[in-house]
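First comes the structure, then the notes that go with it.
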Amino acid sequence: MKKCDCTSIDNSQAQTRRTQAKIQPECALELLKSGNDRFVKKMTLRRDLKLQAEITSSGQFPFAVVLSCLDSRVPTELIFDQGIGDVFNARIAGNFVNDDILGSIEFAYTSGVSLVLVLGHTQCGAIDAAIHNSENGPDNCEPCKHIIPMVKNLYPAVKRTNRLKDEEDNEYHNRVVRKNVELNIEKIRKKSDCLRLADKKTEILIIGGVYNIASGVVSFFEHPKSQVY
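In terms of the working numbering, the sequence shown is residues -16 to 212.
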């Protein structure tokens, strides 16, 4: 994987075609990590968002796409201290992959991103619903009949996370959150030929993380040195 000097990227300015081309996968990850660190430390960059809106009106050149939850407490640009035009956002309750989400991520890839981040979070209501429904049967959500089918997309993470003896509910919940991220990374690689090939060739980085809504910290998963395909 090519290295780039992240210090040469002015993250307070709108991305251009030139800066996007300079941002390699490891650099894109570092930009998100350093942005989250600034967010936690209350040292976010000063940006002229109106100017960024004007500049990006003629074209967008994001360096990353983030698949995250619908939760209002997980605003991607804020928690990573990014500006207008820096990241694509794909949001759905429970941050799971379906054909529409996968197509959106593929669109982001064809638009030049070098990082795909699947982001779960603590205290996730969708995960809570999946745990409850898988253990007790689905609640009656009539007339909102689309909630249960949506939650069922999270059942695999619940089924593949055994509850430990004397484990606290929040500890189990957080392990299900992590498993859900892992399974959806696997799904991206399995179902998308272009993303799998790009990841294999280290043209992009597909990685997971979990956002702690209380502390503001994003814990990134360790990226495997060699991915088996």
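Quick reminder that beta carbons are idealized off the backbone N, C-alpha and C, glycines included.
Inset, instruction - Using alpha carbons as the reference points, say which of T27, F22, G42 lies closest to Q(-2). - result: Minimum Cα distance to Q(-2) is reached at G42.
Legend entry - Segment contact, 8 Å Cβ cut-off, at least three pairs: the stretch 161 to 173 with the stretch -10 to 10: Taking 8 Å as the limit for Cβ pairs, the verdict is that the stretch -10 to 10 does not touch the stretch 161 to 173.
Legend entry - For N81, the three-state DSSP class (helix, strand or coil): N81 falls in the coil class under three-state DSSP.
Inset, instruction - Output the distance between the C-alpha atoms of V159 and K184, rounded to the nearest integer angstrom. - result: A straight line joining the alpha-carbon of V159 with that of K184 spans about 30 Å.
Inset, instruction - Give a yes or no on whether the C-beta atoms belonging to R21 and D64 are separated by under 7 Å. - result: With a cutoff of 7 Å on beta-carbon distance, R21 and D64 are scored as near each other.
Legend entry - N-terminal and C-terminal residue of the beta strand (DSSP E) that F63 is part of: Here F63 belongs to no beta strand (DSSP E), and DSSP marks it neither H nor E.
Legend entry - Burial state of E254, where buried means 16 or more other Cβ atoms lie within 10 Å: This structure gives no information on residue 254, because the portion of the chain shown stretches from -16 to 212.
Inset, instruction - For A4, name the three-state secondary structure that DSSP assigns. - result: If DSSP states are grouped into helix, strand and coil, A4 belongs with the helices.
Legend entry - CA-to-CA distance, S97 to P8, given in whole angstroms: Put simply, the backbone Cα of P8 is about 5 Å away from that of S97.
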